[in-house]
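Protein chains: 2
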Amino acid sequence: MTIEGRAEPQAAARQSTLRTSNLGLVLRTVCAAPDPVSRADIAVSTGMTRSTASRLVDDLVSAGLVEEAERTAGPVRGRPATPLLPGRTAAALGLQVDAGRLAARVVDLGGRVVAERLVDGDWVGSDPGTTLDQVGGLAAVVLADVPEEMRLVGAGLALPGIVDAARGVLLRAPNLGWHDVRPADVLAAHLPAGLDAVLGNEADLAARTVAESAPGRPGAHRDFLYVSGQIGVGGAVVLDGRVMRGNAGWAGEVGHVCVDPDGPPCRCGSTGCLEQYAGRHALLAAAGLPRDASPDLLLDTAAAGDPRARAALDVARRALAVALASVLNVLDIPTVVLGGHLGRLATDLRPGLEDDLATRVLSARWRRPRIEAAGPDSAPAATGAALHALGDVLADPVGWLD
Amino acid sequence: MTIEGRAEPQAAARQSTLRTSNLGLVLRTVCAAPDPVSRADIAVSTGMTRSTASRLVDDLVSAGLVEEAERTAGPVRGRPATPLLPGRTAAALGLQVDAGRLAARVVDLGGRVVAERLVDGDWVGSDPGTTLDQVGGLAAVVLADVPEEMRLVGAGLALPGIVDAARGVLLRAPNLGWHDVRPADVLAAHLPAGLDAVLGNEADLAARTVAESAPGRPGAHRDFLYVSGQIGVGGAVVLDGRVMRGNAGWAGEVGHVCVDPDGPPCRCGSTGCLEQYAGRHALLAAAGLPRDASPDLLLDTAAAGDPRARAALDVARRALAVALASVLNVLDIPTVVLGGHLGRLATDLRPGLEDDLATRVLSARWRRPRIEAAGPDSAPAATGAALHALGDVLADPVGWLD
DNA sequence: GGCTTTTGTTGCACCGTAGGACTTAATCGG
DNA sequence: CCGATTAAGTCCTACGGTGCAACAAAAGCC
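So the protein lines, in turn, are chains X and S.
To convert a position in the first sequence, counted from 1, into the working numbering, add 1395.
To convert a position in the second sequence, counted from 1, into the working numbering, add 1395.
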């Protein structure tokens, strides 16, 4: 929390800042490139001299953050380049607790999933201690699969609620029925000493996997609104490739954008929230299906001609159009990525939704808003949590040089 | 415009980057401080050594960007400090074209208004060339008032519409009836050679004066939504003290947040936009008053018991509550600042509006959203335009060292 | 008046990057 | 097969900017 109206004291840049900054830049350049780059490539793309680039790369290589691949003699003249790759020995643990799934994953600097475990079930109204114990157990199993030489640089835990990351507290997670939980108290027993999981919001971290396909590597979109269809509707705003966490962690709550002030009351105290039309429970109830039915069943039912299912989908689409248009007008964002159950309904929703947005979004005449579905990852927020931890290394590799 | 999915090549930090960065930091420290600081204060607050701070200050002093005030012997032991102040010889020109007012202002590094001219009138549907000629004339008059030794470091022009700042084009300004105008073509004749005005959106620049009370000095709020009540309703999102311009300059258009999907059609093509309830024209028409009546007349009429005026205010308040709550839920912002005619209605709107927001904003239980009125400045966007130009100097003073 | 305290300055050391010469490892051409 | 060419990577010195510590300056305190 910052004190309003006062600038926080900014630190002066010193010699070591240069090294930190440039080491990070070199590492990010290696990680961002779709194809392996050489020391000379780095020098060219960053503008530093070959000697400087070379020295920084050497430091990163000896720390294991960058690896030299075999020189493959190509059809080019001159001394062949040494291809550089993100190191395989640096990795992070990503954990996820969701109302319907627990996940633990280890992801390395190259974005490769080294090990993972998923468990499906129902944790609505579960006991925080018991559930976190389960996740801790998963984490321990996954960590046992990790090769000996691998170095864990951090861990993250994705939670479907509002978190105070600085204090490590989950303030409230309505879908789980949890509030004021401090996961570190339970997780510490299962994790290696010194490895404590940074908390993050599920939608924020899932959005990160869209913005960043691997640590430091830009993903499909740089500026977008991520809408996470869960029991309710969560979301995240991504600007310039970075997830906006907001002043106190509450940012991105598209589920509570008001679609109709005279609409049904929402558990948040307001009326006509988007969640009341497009949340999974609301949607399935309106369609006359059991509330744990799958999105595919809903689509099949509608396709079979069931009027209630069709109507529920249309209502959800119209509500999404109103809510998303409002957000897009305020944020001037070109793209909406649908995740969770909304992602699986994207094919059905997209055409009508894009048409609605084209009439409701002010800038649509210049650039038509696009709707996309998130990838098929079964636990994107777990990967996002690992990416978050790995991001600390990319931002400042100095602490990881032996 | 950035190419999506690709990281733009970032430049490596070099020795000169240190100097640039630290010179800027020292200058901003001097400008940000409410009371004059000394070289030693700067060293302490930035963490650099006294010798480094001293050297950087000397450079800024000899360039006129910082001034040494008289040493005033205080009641403290030790050698008295030399108080440092923002230089008086660096200033920028701020211009504003509005539907009802033209303005030209010169503001110096300390935030002092050196000279200004305002002209009221009606420029709705005006000819761009003629109107810009008028502003250019104002600018020339104002510049003639500026002392000889003063150095103009830049200029800005605030316009009530969507601008492409990079290309210097006003895309569209519905209130003026302008589109695709390149002001530089007309203004160049009135401004000194080399001084070209950077374009900005009126609401964005007005919001900047709230975020920044003088160049580099934090204002009353750091994170807020600025709502500019003009003929329509504009706005700006300010996060971490910086105005979000959005991907293509369309950000902050709160006026077109949907308040009621079944509401009246808006000129933007959507229905039930906030502007249809809280825009000046809509509000006055609903109250049965002429559309150029003042906000004070509306308040007086309502206070006198006129039911139409009272109802119009209540409708506007409820619409604002729905729209603002949606935005606040997505952005996690604690404060709304009302400007333009809405600022003058703030006293009437605030109590009810804050209550409505308290029930509609998700995080209100933890932190109640607050409504504030913008200051009484008659042309805030002109000042904002000047601040924008001065901001370039604060960001990188190196170009201004002789 | 001498002591204390804090500000501002000066000279030297250190650190990291810049630049250019040199080495290395490949292709190409005779 | 061998030298010319080309580009990658390394090494050494120079330079620029900050850190450090000693010193000078200007006040209050006793």
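Ideal placement from N, C-alpha and C gives every residue a C-beta, glycine not left out.
TODO: Flag this pair as touching only if the segment 1564-1575 of chain S and the segment 1621-1634 of chain S have three or more C-beta atom pairs under 8 Å; answer yes or no.
DONE: In short, these stretches touch, since the Cβ pair count reaches three.
- [ ] Determine the contact status of X/A1682 and X/A1707, defining contact as a CB-CB distance below 7 Å.
- [x] Contact check for X/A1682 against X/A1707 passes: the beta carbons are separated by less than 7 Å.
Open item on the list: To the nearest angstrom, how far is the alpha carbon of S/L1420 from that of S/R1617?
Closed with: Going by the C-alpha atoms only, they are around 19 Å apart.
- [ ] Go ahead and label X/R1434 buried or exposed: buried means 16 or more other beta carbons lie within 10 angstroms of its beta carbon, across all protein chains shown.
- [x] Buried, because 16 or more other Cβ atoms sit within 10 Å of the Cβ of X/R1434.
Task: Cβ-based neighbour list, S/E1670, same chain, cut-off 7 Å, excluding 5 preceding and 5 following - done: G1627, V1628, G1650, H1651, C1661 and A1677.
Open item on the list: Check for me: the beta strand (DSSP E) holding S/Q1529 runs from which residue to which?
Closed with: Bounds of any beta strand (DSSP E) do not take in S/Q1529; it lies within the alpha helix (DSSP H) bounded by P1523 to A1539.
Task: Cutoff 7 Å: X/T1441 Cβ touching any chain S Cβ - done: Closer than 7 Å to some Cβ of chain S, the Cβ of X/T1441 qualifies, so yes.
Open item on the list: If you reduce the DSSP assignment to three classes, tell me which class X/S1665 lands in.
Closed with: Assignment of X/S1665 by DSSP, reduced to helix, strand and coil, places it in the coil class.
Open item on the list: Quick check: the Cα distance between S/C1668 and S/D1599, rounded to an integer number of angstroms?
Closed with: CA-CA distance, S/C1668 to S/D1599, rounds to 20 Å.
TODO: Determine the burial state of S/P1429: buried for a count of at least 16 other Cβ atoms within 10 Å of its Cβ, exposed for fewer.
DONE: S/P1429 is exposed by the Cβ-count criterion.
TODO: Please name the residue in X/A1458, X/R1686 and X/G1589 whose C-alpha comes closest to that of X/A1485.
DONE: Comparing Cα positions, the closest option is X/A1458.
TODO: Output the distance between the C-alpha atoms of S/W1795 and S/V1725, rounded to the nearest integer angstrom.
DONE: The C-alpha of S/W1795 lies about 40 Å from the C-alpha of S/V1725.
Task: Given 8 Å, three or more beta-carbon pairs between the segment 1545-1555 of chain S and the segment 1489-1507 of chain S - done: Short answer: they touch.
TODO: Compute the beta-carbon to beta-carbon distance between X/G1786 and X/Y1621, rounded to the nearest angstrom, for a pair I have assumed lies under 8 Å.
DONE: In this structure, X/G1786 and X/Y1621 do not form a Cβ contact; the two beta carbons are roughly 17 Å apart against a cut-off of 8 Å.
Open item on the list: I'd like to know if X/L1565 contacts chain S, where contact means its C-beta is closer than 7 Å to some C-beta of that chain.
Closed with: Judged by the 7 Å Cβ criterion, X/L1565 is not in contact with chain S.
Task: Residue(s) in a DSSP beta bridge with S/P1519 - done: Strictly speaking, residue 1519 of chain S in this sequence is Val, with Pro absent from that position. Per DSSP, none; premise fails for S/V1519.
TODO: May I have the straight-line CA-CA distance separating S/A1646 from S/R1577, to the nearest angstrom?
DONE: Rounded to whole angstroms, S/A1646 to S/R1577 spans 21 Å at the Cα level.
Task: Residue range of the alpha helix (DSSP H) that includes X/H1736 - done: From DSSP, the alpha helix (DSSP H) with X/H1736 extends over G1735 to R1739.
Task: Own chain partners of X/D1508 with C-beta closer than 8 Å, once the 5 adjacent residues on each side are dropped - done: Going by the sequence as given, residue 1508 of chain X is Val instead of Asp. Scanning its chain for C-beta atoms nearer than 8 Å, with the 5 sequence neighbours on each side dropped, one finds around X/V1508 the residues R1500, V1501, V1502 and T1778, in chain order.
Open item on the list: At the 7 Å Cβ level, is X/W1645 part of the contact set with chain S, yes or no?
Closed with: Contact of X/W1645 with chain S is assigned, a C-beta pair being separated by under 7 Å.
TODO: Examine chain X for any beta-carbon lying closer than 7 Å to the beta-carbon of S/V1628, and answer yes or no.
DONE: Chain X contact via Cβ: absent.
- [ ] Kindly identify the DSSP beta-bridge partner or partners of S/C1653.
- [x] Partner residues in the beta bridge of S/C1653, as assigned by DSSP, are S/C1668.
Task: Proximal residues of chain S, C-beta to C-beta of X/R1705 below 9 Å - done: Neighbours of X/R1705 on chain S: none; closest Cβ ~19 Å, over 9 Å.
TODO: Would you please verify whether the beta carbon of S/L1571 is less than 7 Å from any beta carbon of chain X?
DONE: For S/L1571, the nearest beta carbon of chain X is not closer than 7 Å to its own beta carbon.
- [ ] Pull up the distance between the alpha-carbon of S/S1342 and that of S/H1736, whole angstroms please.
- [x] In the structure as shown, chain S begins at 1396 and stops at 1797. Residue 1342 of chain S is therefore absent and cannot be evaluated.
Open item on the list: 7 Å is my cut-off, CB to CB: does S/S1665 come that close to chain X?
Closed with: Interface residue, yes.
Task: Boundaries (first-last residue) of the beta strand (DSSP E) holding S/I1437 - done: Element bounds for S/I1437: not the beta strand (DSSP E) but the alpha helix (DSSP H), R1434 to T1441.
Task: Inter-residue CB distance, S/A1535 and S/H1585 (contact presumed, cutoff 8 Å) - done: By a beta-carbon distance limit of 8 Å, S/A1535 contacts S/H1585. Their separation comes to about 5 Å.
- [ ] Mind reading off the beta-carbon distance from X/P1610 to X/L1504? Whole number of angstroms is fine, and I expect it under 8 Å.
- [x] At roughly 5 Å, the Cβ-Cβ gap stays under 8 Å, so X/P1610 and X/L1504 are in contact.
Task: Burial state of S/Q1410 (16 or more Cβ within 10 Å) - done: By the neighbour-count rule (16 or more Cβ atoms within 10 Å), S/Q1410 is not buried but exposed.
Open item on the list: Would you say X/V1652 lies against chain S (beta-carbon separation less than 7 Å)?
Closed with: True, the Cβ-Cβ gap to chain S drops below 7 Å.
- [ ] For chain X, find out if any of its Cβ atoms is closer than 7 Å to the Cβ of S/A1609; answer yes or no.
- [x] Not closer than 7 Å to any Cβ of chain X, the Cβ of S/A1609 fails to qualify, so no.
TODO: Assuming X/L1479 contacts X/R1512 (C-beta within less than 8 Å), just tell me the rounded distance between them.
DONE: Wrong, their Cβ atoms sit about 32 Å apart, outside the cutoff.
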